[in-house]
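Colleague: What follows is a single structure, and I will ask about it in a moment.
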Amino acid sequence: MKTLVIGYGNTLRCDDGVGIHVAQEIEKEGFDGVEVRTCQQLHMDLVSEFGDYDRIILADASVDGEEVEMRKIRPTSQNFMASSHHLGPELLLRLSEITHFGEPELYLCMVRGRCFDYGDQLSEEAKGRARSAIGQIKNLIAEGGVTVDARS
Amino acid sequence: MAEPSSYSKKIIINPVTRIEGHASITIDLGRDGKVADAHFHVNEFRGFEKFCEGRPFTEMPSIAPRICGICPVSHAVASVKACEDIMRLIPPPAATLLRRVMHLGQMVSSHALSFFHLSSPDFLLGFDSDPAKRNIIGLAEKFPDLAKRGIRLRKFGRECSERIAGKNIHSVGITPGGMNLGLSEENRKALLAWIPESIETVRIGLDIFKRYRQKHMVEVDSFANFETLYLGTVGPQGELELYDGKLRFINEKGEILNDQIDPRQYLEFIAERSLAFSYLKSPYYKPLGFPKGMYRVGPLARLNVASSISTPLAQKEFTEYRQIGGKKPLHGTFYYHYARLIEALYAVEEMKNTLENPRVTSSEILACAKRNQAEGIGCSEAPRGTLFHHYVTDENGILTKVNLLIATGQNNAGMNRSILEVAKKQVDGPNVKEGALNRVEAAIRCYDPCLSCSTHAIGAMPLVIEIRDADQRTVRVIQRAK
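If you're matching them up, the sequences are chains E and C in order. In this text, residue positions in the first sequence follow my numbering: the first is 1, and each later residue adds one. In this text, residue positions in the second sequence follow my numbering: the first is 153, and each later residue adds one.
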């Protein structure tokens, strides 16, 4: 199963960069069949690559909710926000579906942050939650038939 | 004193949708219920000019692209040019070729976003269609292939930066003296492979515009049609030149006022004026003063000032475009879309030419120098118009003054006039239909304004329309969900 992990956020706003940190840690593992991408925001160009993967896992920071939350995304065009700078995961999947780019399984892994101030360091809380998120993503990858490296 | 009539109103459009930035429109109604005035308010403030003071000038090509995620290459180019002016340095030819490819790619990407994603819903779904569907998703549901093409065209433009500088946004590839990274043969071929599809997509866009114009000739021609001056950069023969041209001003009749002006002289021709109702300044053509010196920039202006286009397919379209106005410039604001597509065609053709230049993969891409003078000015055409970066440094190369003259700011007076013109035709009393207000918004959308750039903006995008009565009381506010 070909998988893409996309970590996104702002690494200059402390824990807002936790999604990028998670993606980079997954990249270090060097799984076969797993590619990793980082970006500041989700944007519509990404859908042009949706057809290249069976599964896409998004990693992002959250300001509230569970410490780490993994959920499968369903396509929808509800609550459409007209911004050319950012599209939400549900909308991206919907756009990919109706433009026939592809319909991969899409997951969103949200990692709750504590500090979103200026700075390029993660808080200790975010670092711990990131470790948990990385574990969950690795389990998801393993479920897809990809061998999880023993280093983990 | 007469009592305010029941028609004395103020209309607020907030947020203005499908633009790059956060703004609102106020429409003032007179006591007769007719539109008396209209204003475009930009509510964002960023302050780049001020907080860059105290930084080494060599940091500016890394800081300046952060102003905007749509046109970072233009900011990087204008910034390195200003730095190279301070260093009295000419970059190697191969570095200029690479910058040109990135710059053309950004033009394609931005124009694709503007036409296929932000404006096409009006063209193809209708100005009066359901506003909940009048967006990229609604468009994609009805015209999936077109939406797909638009997404791919935008991706191609962004890929130019990615394949040269490693990132499609805010890359550090462009640096004073040249480029930090070169173009591999593999990446050159990959970019060239995009050209046929990209040309086809732009031509489909042109066909959409022409068919729309054919069907709605009166509305297109009269939409915010008013005379102004125009500014754009041109090459030595007056041809369209986006990367490294000289300034040309024309008047409303199309007569050249100033030509082949070195951008370093911009302060002799352009002055700025602050407006009470907006963070956006309003530059004007200095010799004529304000407001007589109101000028416009961007695709419409560039095609109005240019004598020709150097690539064959775009030149053919340009000839057709110029026939509409005869010998005069096209003043109708709706023609920004047409001009934008012709520019996109030029950009794709010119990119092919540049990528086929054997020097483009050269590794000789970086020259070095130190600070050799205190002041530097850089200029390039951004997707929305002419962009200037002006830096002043102390003896240690620390910035003591930064002036950024941004395209959207230069169109500020034009945008205000455009919404007034459209509001006068579309708005009659406070109970105005949504489709009419969408047309007022569309007047702004023609300019594809980037408010993040022009105010140097914090926060998210959208815009508001406010209707005020003759006593300045707000009587209606139209604000779509953010």
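Quick reminder that beta carbons are idealized off the backbone N, C-alpha and C, glycines included.
Going residue by residue through the region 394 to 445 of chain C, where are the continuous alpha helix (DSSP H) segments of at least 4 residues, counting only ones entirely within it?
Modeller: 418 to 421, all fully within the region 394 to 445 of chain C.
Colleague: From Glu593 of chain C to Ser176 of chain C, what distance separates their C-alpha atoms?
Modeller: Their backbone Cα atoms lie some 9 Å apart in a straight line.
Colleague: Applying the 10 Å Cβ sphere with the 16-neighbour rule, what's the burial state of Met369 of chain C?
Modeller: By the 10 Å Cβ count, Met369 of chain C comes out exposed.
Colleague: For Val34 of chain E, return the contacting residues in chain C, with the cut-off set at a CB-CB distance below 7 Å.
Modeller: Within 7 Å Cβ-Cβ: nothing; Val34 of chain E doesn't reach chain C, min ~20 Å.
Colleague: Tell me which residues of the region 289 to 310 of chain C have at least one Cβ-Cβ distance to chain E shorter than 7 Å, keeping chain order.
Modeller: If the cut-off is 7 Å between Cβ atoms, the region 289 to 310 of chain C has Ile289, Ala292, Glu293, Pro296, Ala299, Lys300, Ile303, Arg304, Arg306, Lys307 and Arg310 near chain E.
Colleague: Three-state secondary structure (DSSP) at Val622 of chain C?
Modeller: For the record, residue 622 of chain C in the displayed sequence is Ala; it is not Val. Ala622 of chain C falls in the coil class under three-state DSSP.
Colleague: Nearest to Ile57 of chain E by CA position, among E:Glu35, E:Asp120, E:Asp16 and E:Arg13, is which residue?
Modeller: The option with the nearest alpha carbon to Ile57 of chain E is E:Glu35.
Colleague: Where do the ends of the beta strand (DSSP E) carrying Ala59 of chain E lie?
Modeller: Its beta strand (DSSP E) spans residues Arg55 to Ser62.
Colleague: If you draw a straight line from the alpha carbon of Arg625 of chain C to that of Pro328 of chain C, how long is it in whole angstroms?
Modeller: The alpha-carbon atoms of Arg625 of chain C and Pro328 of chain C are separated by roughly 52 Å.
Colleague: Specify the secondary structure class of Ser133 of chain E as computed by DSSP and reduced to three states.
Modeller: Before going on, a small fix: residue 133 of chain E reads as Ala here, not Ser. Three-state result, Ala133 of chain E: helix.
Colleague: Which chain C residues sit within Cβ distance under 7 Å of Thr99 of chain E?
Modeller: In chain order: Ala292, Pro296, Ala299, Lys300 and Ile303.
Colleague: Would you be able to state if there are at least three C-beta pairs under 8 Å between the region 493 to 504 of chain C and the region 273 to 281 of chain C?
Modeller: Cβ pair count under 8 Å is below three, so no.
Colleague: Quick check on Pro75 of chain E: does DSSP put it in helix, strand or coil?
Modeller: The answer is coil: DSSP assigns Pro75 of chain E none of H, G, I, E or B.
Colleague: For the candidate residues E:Lys138, E:Thr76 and E:Arg112, whose alpha-carbon lies nearest to that of Glu293 of chain C?
Modeller: It is E:Thr76.
Colleague: Compare the beta carbon distance of Glu103 of chain E and Arg55 of chain E with 7 Å and say whether it is the shorter of the two.
Modeller: No.
Colleague: Answer with yes or no whether the minimum CB distance from Leu95 of chain E to chain C is below 7 Å.
Modeller: It does; some Cβ of chain C falls within 7 Å.
Colleague: Secondary structure at Ala496 of chain C, three-state DSSP: helix, strand or coil?
Modeller: In this structure, Ala496 of chain C counts as helix in the three-state DSSP scheme.
Colleague: According to DSSP, is Tyr599 of chain C helix, strand or coil?
Modeller: Tyr599 of chain C falls in the coil class under three-state DSSP.
Colleague: Please list the terminal residues of the continuous beta strand (DSSP E) segment that includes Thr552 of chain C.
Modeller: Unbroken beta strand (DSSP E) run through Thr552 of chain C: Leu551 to Leu557.
Colleague: From E:Thr11, E:Glu27, E:Gly88 and E:Asn139, pick the residue whose C-alpha is nearest to that of Val5 of chain E; which is it?
Modeller: Comparing Cα-Cα distances from Val5 of chain E to each of E:Thr11, E:Glu27, E:Gly88 and E:Asn139, the minimum goes to E:Glu27.
Colleague: Could you check which residue in C:Leu270, C:Arg620, C:Ala264 and C:Ile529 has the C-alpha nearest to that of Glu352 of chain C?
Modeller: Among C:Leu270, C:Arg620, C:Ala264 and C:Ile529, the Cα nearest to that of Glu352 of chain C belongs to C:Ala264.
Colleague: With a threshold of 7 Å between beta carbons, is Met163 of chain E in contact with chain C?
Modeller: No information on residue 163 of chain E is available, as it lies outside the stretch 1 to 152 that chain E covers here.
Colleague: Closest Cβ-Cβ distance between Met1 of chain E and chain C: below 7 Å?
Modeller: Not closer than 7 Å to any Cβ of chain C, the Cβ of Met1 of chain E fails to qualify, so no.
Colleague: For Met567 of chain C, which residues of its own chain have a beta-carbon under 6 Å away from its beta-carbon, when the five flanking residues on both sides are left out?
Modeller: Counting only Cβ-Cβ distances below 6 Å, and skipping sequence neighbours, we find Phe192, Ile596 and Tyr599.
Colleague: Nearest to Pro217 of chain C by CA position, among C:Leu298, C:His255, C:Asp411 and C:Ile321, is which residue?
Modeller: If we check each option's Cα against that of Pro217 of chain C, C:Ile321 comes out closest.
Colleague: Hey, would you say Thr560 of chain C sits closer than 7 Å to Arg523 of chain C, going by beta carbons?
Modeller: Not closer than 7 Å, so no.
Colleague: Would you say Gln117 of chain E lies against chain C (beta-carbon separation less than 7 Å)?
Modeller: Position check: residue 117 of chain E holds Asp in this sequence, whereas Gln was assumed. No, its Cβ sits nowhere closer than 7 Å to a Cβ of chain C.
Colleague: Enumerate, from N- to C-terminal direction, the unbroken alpha helix (DSSP H) stretches of 4 or more residues contained entirely within the region 332 to 389 of chain C.
Modeller: Counting only runs of 4 or more, we get 337 to 344, 347 to 367 and 369 to 374.
Colleague: Which whole-angstrom value is the C-beta distance of Leu381 of chain C and Glu407 of chain C, which I expect to be below 8 Å?
Modeller: Actually they do not touch by this definition, with Cβ atoms about 10 Å apart.
Colleague: Determine the extent of the alpha helix (DSSP H) in which Ser262 of chain C is found, giving its start and end residues.
Modeller: Pro245 to Ala264 is the span of the alpha helix (DSSP H), which, as asked, contains Ser262 of chain C.
Colleague: Quick check on the burial criterion: 16 or more other C-beta atoms within 10 angstroms. Buried or exposed for Arg129 of chain E?
Modeller: With 16 or more other Cβ atoms within 10 Å, it is buried.
Colleague: Just list the residues that DSSP pairs Met110 of chain E with in beta bridges.
Modeller: Paired residues: E:Asp60 and E:Glu69.
Colleague: Return the residue from the list C:Tyr490, C:Lys468, C:Ala565 and C:Gly199 that minimises the CA-CA distance to His444 of chain C.
Modeller: It is worth fixing the name first, because residue 444 of chain C is Lys in this sequence and not His. Considering only alpha carbons, the answer is C:Ala565.
Colleague: With DSSP collapsed to three states, give me the class of Asp117 of chain E.
Modeller: The answer is coil: DSSP assigns Asp117 of chain E none of H, G, I, E or B.
Colleague: Tell me which residues share the same chain as Glu393 of chain C and place their Cβ nearer than 7 Å to its Cβ, disregarding the 5 neighbours each side in the sequence.
Modeller: Correct list, in chain order: Thr385, Val386 and Gly387.
Colleague: Rank E:Ile98, E:Thr3 and E:Thr38 by C-alpha distance to the C-alpha of Lys300 of chain C and give the top, closest one.
Modeller: For Lys300 of chain C, the nearest C-alpha among the options comes from E:Ile98.
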